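As structure tokens, the structure follows; a few thoughts come after it.
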Amino acid sequence: ARDMAHLKLRQLLLHKENLPEDFSGGVIFHAGPVVKKIDGGWEIWVIGPTTSIRMEPYAEMVGQLGIKVIVGKGGMGEDTLQSLAKHGSVYLLAAPGCGVTHAEAVKKVLRVHWLAELSVPEAIWVLEVNKWGPLIVGMDAHGRSIFKCIALKASNVKERFFKVQ
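Below is the structure:
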């Protein structure tokens, strides 16, 4: 799910309307697929991660929906880190540029929501996947962030090699 799907979910929650799925315990992939319609169904040809920070305004909503795993690229912010810790969830990084490899893990498109309204990349695609990965833990349920670790190490190296006057 990308930006528009998150926005639509927020609007439904604000107006106390029914959601298209029970997201509890689920996985959300920040991605927009390339699809082909086949035999009354859909086939995912390519699905690569999109930049996750765009979904930062929805961090707490995603946690409240019961989503346990967010997959994307580029990392997310402090609001997401706090929400993950609060709700016992994780943020995983999917390798960018590997959309065909990610698509190979998709065994079946179970359902699609809001296709006509939002378009292919923005719709919610409910997928059955198998052996998807590798995925890297970017943020965990204990408030740890690989991005913070890297920034701290980089800062320490910078201070050792470049004396600021």
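Heads up: the sequence shown begins at 91 in my numbering, then just goes up one per residue.
Even glycine gets a Cβ: it sits at the ideal position worked out from N, Cα and C.
Note that the coordinates shown come from a computational prediction; the quantities given were computed from them, not determined experimentally.
Only counting the same chain, and skipping five residues up and downstream in sequence, which positions put a Cβ closer than 7 Å to that of residue i?
i	result
Gly-131	Val-199
Gly-115	Gly-156 and Lys-158
Leu-171	Met-229, Gly-233 and Ser-235
His-96	Met-145 and Tyr-148
Leu-103	Met-151
Ala-175	Ala-231, His-232 and Gly-233
Ala-195	Val-219, Asn-220, Lys-221 and Trp-222
Arg-201	Val-216
Phe-237	Gly-165 and Gly-228
Between which two residues does the alpha helix (DSSP H) holding residue i run?
i	result
Lys-176	168-177
Gly-153	149-154
Lys-98	93-104
Name the DSSP bridge partner or partners of residue i?
i	result
Pro-139	Ala-121
Ile-288	The shown model of the chain, from 91 to 255, leaves out residue 288, and the question about it has no answer.
Gly-131	Ile-128
Note down, in chain order, each residue of its chain lying with its Cβ closer than 8 Å to the Cβ of residue i, except the 5 sequence neighbours on either side.
i	result
Thr-141	His-120, Gly-162, Lys-163 and Gly-164
Gly-153	Ser-173, Leu-174, Lys-176, His-177 and Ser-179
Ile-143	Gly-164, Gly-165, Met-166 and Gly-167
Hey, residue i and residue j are a contact pair by Cβ (cut 8 Å); roughly how many whole angstroms apart?
i	j	result
Phe-136	Gly-189	Correcting the residue type first, residue 136 is Val in the shown sequence and not Phe. With a Cβ gap of about 4 Å, Val-136 and Gly-189 count as contacting.
Pro-123	Trp-215	6 Å
Ala-184	His-192	6 Å
Val-227	Val-180	6 Å
Lys-98	Trp-204	6 Å
Leu-217	Ile-134	7 Å
Arg-92	Pro-211	6 Å
Met-94	Leu-208	5 Å
For residue i, collect the residues of the same chain with a Cβ closer than 6 Å to its Cβ; drop the 5 residues on either side in sequence, then sort them by chain order.
i	result
Glu-249	none
Lys-197	Glu-218 and Asn-220
Quiz prompt | alpha helix (DSSP H) runs wholly inside the stretch 182-246, at least 4 long, in chain order | solution = 189-194 and 205-208
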